[in-house]
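Asks: So for the sequence shown, this note's numbering puts the first residue at 190; every next one is plus one.
Have a look at the structure that comes next, please.
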Amino acid sequence: MKAKASPWYIQFDDAPATVVVNHGAIPFDILSRQLELDDENEIDIASLESTAGYDTRIWSRNDAAFIFRPIVLEGPSGTFLIGWGKPGLAKQIKQLMQHLGDLNLFIWPTKENAGWFYVGKHSLTVTEVDPMWPRLDKTDKRRILAELGDRNGGGFNSSQFREDVKRGQLEQCCIRMESKGREESHDFLRDYGLLGD
Numbered sequence: 190m191k192a193k194a195s196p197w198y199i200q201f202d203d204a205p206a207t208v209v210v211n212h213g214a215i216p217f218d219i220l221s222r223q224l225e226l227d228d229e230n231e232i233d234i235a236s237l238e239s240t241a242g243y244d245t246r247i248w249s250r251n252d253a254a255f256i257f258r259p260i261v262l263e264g265p266s267g268t269f270l271i272g273w274g275k276p277g278l279a280k281q282i283k284q285l286m287q288h289l290g291d292l293n294l295f296i297w298p299t300k301e302n303a304g305w306f307y308v309g310k311h312s313l314t315v316t317e318v319d320p321m322w323p324r325l326d327k328t329d330k331r332r333i334l335a336e337l338g339d340r341n342g343g344g345f346n347s348s349q350f351r352e353d354v355k356r357g358q359l360e361q362c363c364i365r366m367e368s369k370g371r372e373e374s375h376d377f378l379r380d381y382g383l384l385g386d
């Protein structure tokens, strides 16, 4: 008998379900100029690509966030950025995010050489979600392991990762994404001169 398909899945190829505006790819030099990013901001955002680990690679300021190659979890209760880290990770991220408010999101999808896409204004909230690893199908698990392998290079051991998740030595962290709507998102693009000619 065939197992029942899980309502939870990982989204790699398309924009997250919450996205009502998908504008890009926008060259980073234009983003930097229009958002008035300083040299340190540019370095921080560029370093997301080389940041190892298993959690969500995100840089934020008071009105915008850049997320590099996120692992997006879709399910019946919403859309989440999902990652894993040492116990206490979710608490640390929650403390960092509680002062941010709504953010205009730029995402670099997992597609190779994709570029930065503006995906609209969202609220991001650290949310407790039941452990997802056992509920995902094997195709999603393989894609997650491949992504984490790319991120972590030769130092990644997929068997150890799976064992650490199973034993609770790596804690899941889910960040709920909720769109703030098309109008506010278009206003941001217009105000910052990102709509193009």
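Think of the CB as a built atom: it goes at the ideal place given N, C-alpha and C, for glycine as much as any other residue.
May I ask you to report which of helix, strand or coil DSSP gives GLU301?
Replies: What you label residue 301 is simply residue 112 of the sequence shown in a count that begins at 1. Looking at GLU301 - three-state DSSP - the assignment turns out to be coil, as it is neither helix nor strand.
Asks: Starting from GLU367 and walking both ways along the alpha helix (DSSP H), at which residues does that stretch end?
Replies: Position 178 of the sequence shown, counted from the first residue, corresponds to residue 367. Per DSSP, GLU367 belongs to no alpha helix (DSSP H); it is in the beta strand (DSSP E), 360–368.
Asks: Between the stretch 322–338 and the stretch 278–297, do three or more beta carbon pairs fall short of 8 Å?
Replies: No: fewer than three Cβ pairs fall under 8 Å.
Asks: Can you list, in chain order, the residues of its chain with a C-beta nearer than 7 Å to that of PHE377? Leave out the 5 residues immediately preceding and following it.
Replies: Here residue 377 corresponds to residue number 188 of the sequence shown, with the count starting at 1. Excluding sequence neighbours, PHE377 sits near ASN293, LYS310.
Asks: Less than 8 Å separating the beta-carbons of GLY304 and ALA204?
Replies: Residue numbering aside, residue 304 sits at position 115 when the sequence shown is read from its first letter. Residue numbering aside, residue 204 sits at position 15 when the sequence shown is read from its first letter. The answer is no: Cβ separation not under 8 Å.
Asks: Where are the beta strand (DSSP E) runs, 3 residues long or more, that stay fully inside the stretch 264–299, in chain order?
Replies: List check, beta strand (DSSP E) in window: 267–274, 292–297.
Asks: Give me the Cα-Cα distance between GLY343 and LEU337, rounded to the nearest whole angstrom.
Replies: For this step, residue 343 is matched to residue 154 along the sequence shown. For this step, residue 337 is matched to residue 148 along the sequence shown. Those two C-alpha atoms are separated by around 11 Å.
Asks: Considering only C-alpha positions, which residue in the set GLU317, TRP248, GLY357, LEU325 is nearest to CYS363?
Replies: On the sequence shown, residue 363 is found 174 positions in, with the first residue counted as 1. Measuring from the Cα of CYS363, the nearest candidate turns out to be GLU317.
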